[in-house]
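In the working numbering, the protein residues as written are 25 to 418.
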Amino acid sequence: MSRQNKQSKKVRVQFRKNRAERARVTDWTREFDRHGFEDVAPEQEERVSGKGETTRRRTVIGEMQDVEDIDSQGFDVLPDIDVSKCRTGRVLRVFGMNSEVEAENGEIYTCVTRRILKTLATDQRQVVVAGDRVSFREPENHDSSRREGIIERVEPRRGTLARASRNRKHIIVTNVDQVIIVVSAAEPRLKPNLIDRILVTAERAGICPIICINKIDLIDIADLQPLIGVYSQMGYKVVLTGCAGFPQTQGFGIDRLKKQLAGRESVVVGQSGVGKSSLLNAVEPGLELRIAGISEDNEKGRHTTTTAELIKLSFGGYVVDTPGIRQFMLWDMIPEEVTGFFRDLHPFENLCHYPDCTHTHENFCAVKDGVADGRIDLRRYDSYLAIRESRDVS
Numbered sequence: 025m026s027r028q029n030k031q032s033k034k035v036r037v038q039f040r041k042n043r044a045e046r047a048r049v050t051d052w053t054r055e056f057d058r059h060g061f062e063d064v065a066p067e068q069e070e071r072v073s074g075k076g077e078t079t080r081r082r083t084v085i086g087e088m089q090d091v092e093d094i095d096s097q098g099f100d101v102l103p104d105i106d107v108s109k110c111r112t113g114r115v116l117r118v119f120g121m122n123s124e125v126e127a128e129n130g131e132i133y134t135c136v137t138r139r140i141l142k143t144l145a146t147d148q149r150q151v152v153v154a155g156d157r158v159s160f161r162e163p164e165n166h167d168s169s170r171r172e173g174i175i176e177r178v179e180p181r182r183g184t185l186a187r188a189s190r191n192r193k194h195i196i197v198t199n200v201d202q203v204i205i206v207v208s209a210a211e212p213r214l215k216p217n218l219i220d221r222i223l224v225t226a227e228r229a230g231i232c233p234i235i236c237i238n239k240i241d242l243i244d245i246a247d248l249q250p251l252i253g254v255y256s257q258m259g260y261k262v263v264l265t266g267c268a269g270f271p272q273t274q275g276f277g278i279d280r281l282k283k284q285l286a287g288r289e290s291v292v293v294g295q296s297g298v299g300k301s302s303l304l305n306a307v308e309p310g311l312e313l314r315i316a317g318i319s320e321d322n323e324k325g326r327h328t329t330t331t332a333e334l335i336k337l338s339f340g341g342y343v344v345d346t347p348g349i350r351q352f353m354l355w356d357m358i359p360e361e362v363t364g365f366f367r368d369l370h371p372f373e374n375l376c377h378y379p380d381c382t383h384t385h386e387n388f389c390a391v392k393d394g395v396a397d398g399r400i401d402l403r404r405y406d407s408y409l410a411i412r413e414s415r416d417v418s
């Protein structure tokens, strides 16, 4: 018997447009070559079904999601399942059409995704991502030694880190407590605007951000003090590490970073070449994650991590290693929201003369006055303008 909650019912939901059948027959040439039209006239039929969007719906038994849940879950409905046949697990990584799922007993299963999950309309790029908590079942009459399964449902998410990619929602990881924003002091050069974009996304998702500046042995640390001071004054934790390959600084700051990871579920994000995998190899010896140097031509990192992977730490907690990113565009955020996620700008927002002040060109703007008086960092204000206008600043 399927589990039927009080809220479970038959609902009509959208499904992907590319799953819809062709509305009109347009391959007349192929039909002519196959059958010919001289002897047999085309079959006459009358359309009685709906057209357009109406035909791209299907009936699903499940629980309707609240608006806030849809934003994190990605689906209008949570499909009903037979809990007596399902097990729960955590997605470690996604590769191709398959997902690697760790069951509650620690066994690893290779799972495919139930077709209905892949056909439901959603604006996200992938249905299942690393960090997802899922319900899966083993196929009938299968070889138990092969440990294969079918993901029946993706459980509601929390702590989702996402960005915009080709006008779609790219969920990097989900169900995490904190994000470690890794940047390098040099090689490749530090990009504060990238830090600010991830900070805004983390603030909106309710994820605790920690800024990790790696490769500090490549520069004079005094040059970083103004930047560190700006973020520290806003209450952000800043960890300095040395993991650029020099033995004398290889372990600098690793113990402090390890303490921040212990017992928590974290994700490590940053550009290619900043040393994300090297840092994880340092805090958890034996991982042996692939690493590579930066390109000598453009000082950009080489992609060695190709997919997000959830890693269980021996000292407690999980951490997700992610592929390098070069751009981080915000997903589904209107310009008016941006100020609220800038900790240093937000206190000045209500002091502006105009209630709908954009803090860009208006007179009597408290934010602009704060910048002029030195109470707001000029670089942070420029970053705000770039994010508001959806521009990437290198």
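Even for Gly, the Cβ is constructed at its ideal location relative to N, Cα and C.
Note down, in chain order, each residue of its chain lying with its Cβ closer than 8 Å to the Cβ of residue i, except the 5 sequence neighbours on either side.
i, result
"SER153", "Reading off the sequence shown, one finds Val at residue 153, where the question assumed Ser. Once the five neighbours on either side are set aside, the close Cβ partners of VAL153 are VAL115, VAL118, ILE195, ILE196, VAL197, THR198, ALA332."
"GLU128", "ARG111, THR112, GLY113"
"GLY341", "LEU285, ALA286, GLY287, ARG288, GLU289, SER290"
"ILE428", "The question about residue 428 has no answer here: the residues shown for the chain are numbered 25 through 418."
"THR78", "Per-residue confidence for THR78 stands at a pLDDT of 47, beneath the threshold of 50, marking its modelled position as unreliable; no derived number is given."
"LEU248", "ALA209, ILE237, ILE240, LEU264"
"SER256", "VAL262"
"CYS232", "ASP201, GLN202, VAL203, ALA226"
Report all residues from its chain with a CB closer than 7 Å to the CB of residue i; omit the five preceding and five following residues, and keep chain order.
i, result
"VAL254", "ASP401, ARG404"
"LEU409", "THR384"
"ASN191", "none"
Does the distance from the C-beta atom of residue i to that of residue j stay below 7 Å?
i, j, result
"GLN202", "SER290", "yes"
"LEU9", "VAL298", "Here the chain covers residues 25 to 418 and nothing more, so residue 9 does not appear."
"LEU141", "VAL151", "yes"
"ILE243", "ALA209", "yes"
"ASP241", "VAL292", "no"
"GLU227", "PHE372", "no"
"ILE349", "VAL343", "no"
"ARG138", "ILE174", "yes"
"ARG157", "GLU172", "no"
"THR330", "PRO347", "yes"
"VAL206", "ASN238", "yes"
"VAL391", "LEU369", "yes"
Pick helix, strand or coil for residue i, following the three-state DSSP scheme.
i, result
"PRO250", "helix"
"ALA306", "helix"
"THR363", "helix"
"ASP406", "helix"
"LEU218", "helix"
"TYR378", "coil"
"HIS194", "strand"
"TYR133", "strand"
"ILE235", "strand"
"TYR255", "helix"
"THR143", "helix"
"ASP393", "helix"
"ILE400", "coil"
"ASP241", "helix"
"SER128", "Here residue 128 turns out to be Glu, not Ser, going by the sequence shown. DSSP places GLU128 in coil when its eight states are reduced to three."
"PRO103", "strand"
"THR112", "strand"
"GLU227", "helix"
"LEU311", "coil"
"ASN345", "In the sequence under discussion, the amino acid at residue 345 is Asp, which differs from the Asn named in the question. The answer is strand: DSSP assigns ASP345 an E or B state."
"GLN284", "helix"
"GLU323", "Confidence is the limiting factor: at GLU323 the pLDDT is only 49, short of 50, which leaves the residue's position unreliable and the question unanswerable from this model."
"PHE372", "helix"
"ARG157", "strand"
"ILE335", "strand"
Could you give the C-beta distance for residue i and residue j, rounded to a whole number, given that I count them as a contact under 8 Å?
i, j, result
"ILE234", "ILE204", "5 Å"
"GLY155", "VAL200", "6 Å"
"THR265", "ALA229", "About 24 Å; that fails the 8 Å criterion."
"ARG161", "LYS109", "5 Å"
"ARG412", "PRO359", "5 Å"
Just to confirm my understanding: we take residue i, look at its own chain, exclude 5 residues before and 5 after, and list those with CB closer than 6 Å. What are they?
i, result
"ILE105", "SER159, GLU176, ARG177"
"ARG193", "Checking the sequence, you will find Lys at residue 193 rather than Arg. Excluding positions up to five away in sequence, the list reads ASP147, GLN148, ALA186, TRP355."
"ASN322", "Residue confidence is low: ASN322 scores 45 on pLDDT, short of 50, so the model does not pin down where it sits. Its coordinate-derived value is still stated next. Same-chain partners within the cutoff: there are none."
"ASN305", "LEU311, LEU313"
"TYR378", "GLU386"
"PHE388", "HIS377"
"LYS261", "ILE234"
"ARG367", "MET258"
"ILE252", "VAL262"
If we count Cβ pairs, one from each stretch, closer than 8 Å, do we get three or more for the segment 371-387 versus the segment 207-224? no
Does the structure place the segment 337-356 close enough to the segment 221-232 that three or more beta carbon pairs sit under 8 Å? yes
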